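Quick notes on the structure that follows.
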Amino acid sequence: MAEEELKKGTQFEGKEEYIKDVFTEIADYYDEMNDIMSMGMVQGWHKFMMRKAGDISGKKCLDVGTGTGEIAFHVARTAGPGSTVIGVDITPRMLELAEKKESELDLPVKIDWRVGDALKLDFEDDTFDLVTSGYMLRNVCDILQAVTEMHRVLAPGGKVIVAELSKPKNAIVRFGYNIYMKRVKRMGRKYDKGKSIDGRHSAYEWLTTSIEGFPYGEDMVKVFKRAGFDDAHFYVKSFGAVNIYVGTKK
Ligand SMILES: C[S@@+](CC[C@H](N)C(=O)[O-])C[C@H]1O[C@@H](n2cnc3c(N)ncnc32)[C@H](O)[C@@H]1O
């Protein structure tokens with residue numbers, strides 16, 4: 007059933023509630039599973055994002071769909087003292103865990119965690135020097151609206167840097183990737199017990215299969231351009247398992 011539904015696309019009625027329920031359900035083992043799913047590569051992707059951010063010392067930064075805060079922690083370390091770092095997420099439980107993790111870290115700046123919706127960011131136009139986001143776009147009800155909001159809250163000259171899953175183009179790599187994703191789905195089942203959420207797919211069924219029908223690469227760059235990032239481009243990481251999109255607000 008899940009496969010059938012996913013083939014119809016990644017948008018469906020009740021998606022916002024479903025997504026909140028998915029992340030509330032998996033919050034407590036999200037980090038552990040993330041590390042397994044990415045084969046430990048996730049930290050490298052986030053370091054790459056920081057290199058693309060350039061000099062953000064003391065700047066105003068926003069991480070949208072911050073989850074348990076991993077990207078926000080990198081931003082805080084890079085932006086350092088005197089900077090402002092805000093992490094927004096729609097799922098309160100993910101933010102509780104982010105805050106708990108933060109209390110065990112020695113970051114140069116206190117992160118401001120806020121419950122909020124990427125589709126309607128509660129900030130003035132032209133506020134931030136950097137907006138980051140990781141693996142959230144697959145989960146929103148309107149991708150263009152989310153990227154348009156990122157553009158709106160960035161100050162002129164500010165940068166957006168977004169990481170999202172993609173699919174390897176090379177046939178051989180893709181073959182291995184498909185096998186690996188099936189394995190990840192099986193591992194996910196150990197955590198989520200295959201339990202249906204809101205009468206739909208189990209959490210890891212969603213997270214591993216929602217890449218089907220989801221735009222990536224040049225198709226996603228078009229979305230960033232439509233949102234106003236004229237210079238949008240992307241970097242392929244880990245043989246195409248992840249793309250990192252970068253754009254600047256004029
Ligand atoms: C796959 S997790 C990624 C978390 C984090 N960025 C990371 O790198 O691990 C996706 C996150 O996006 C959040 N999210 C989904 N839809 C959202 C929305 N409309 N507004 C804000 N956050 C949203 C979820 O609650 C979840 O924490």
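Quick note on my numbering: the sequence shown kicks off at 7 and runs consecutively.
Note that CB positions come from ideal geometry on N, CA and C, so glycine has one too.
Since this is a predicted model, take the numbers as computed values, not measurements.
Cβ neighbours of residue i in the same chain (closer than 6 Å, five flanking residues each side left out)
i	result
T133	V159
K13	Model confidence at K13 stands at a pLDDT of 39, short of 50, so the residue's coordinates are unreliable and nothing is read from them.
V137	L68, M156, L160 and V166
E10	Residue confidence is low: E10 scores 44 on pLDDT, short of 50, so the model does not pin down where it sits. Its coordinate-derived value is still stated next. Result list for E10: empty, nothing under 6 Å.
Contact belief for residue i with residue j at Cβ below 8 Å, rounded distance in angstroms
i	j	result
A33	L125	About 21 Å; that fails the 8 Å criterion.
H157	F235	6 Å
D131	G122	Not quite, the Cβ-Cβ distance comes to about 16 Å (not below 8 Å), so this is no contact.
R144	I77	That belief does not hold up - the Cβ atoms of R144 and I77 are roughly 15 Å apart, past 8 Å.
Y24	D204	5 Å
V272	V70	Since the first residue shown for the chain is 7 and the last is 256, residue 272 is missing from the structure and cannot be characterised.
Y36	T72	Incorrect: roughly 12 Å between the Cβ atoms, too far for contact.
Residue i burial status per 10 Å Cβ neighbour count (16 or more: buried)
i	result
S139	buried
K199	exposed
A82	buried
N184	exposed
S89	buried
F18	exposed
N176	exposed
G20	exposed
K66	buried
I178	exposed
H52	buried
Sequence-distant residues of the same chain with beta carbon closer than 7 Å to residue i, five excluded per side
i	result
Y141	A169, E170 and L171
S84	According to the sequence displayed, residue 84 carries Thr and not Ser. Cβ neighbours of T84 beyond the five flanking positions: M56, A59 and I62.
A152	A124, L125, L143 and V146
F220	T16 and R144
E22	C147
Check: residue i C-beta below 7 Å from any heavy atom of ligand 3
i	result
N40	Although ligand 3 was asked about, the structure shown includes only ligand 1 as ligands.
Would you check if the region 39 to 53 and the region 96 to 115 touch, i.e. whether three or more CB-CB distances between them fall below 8 Å? no
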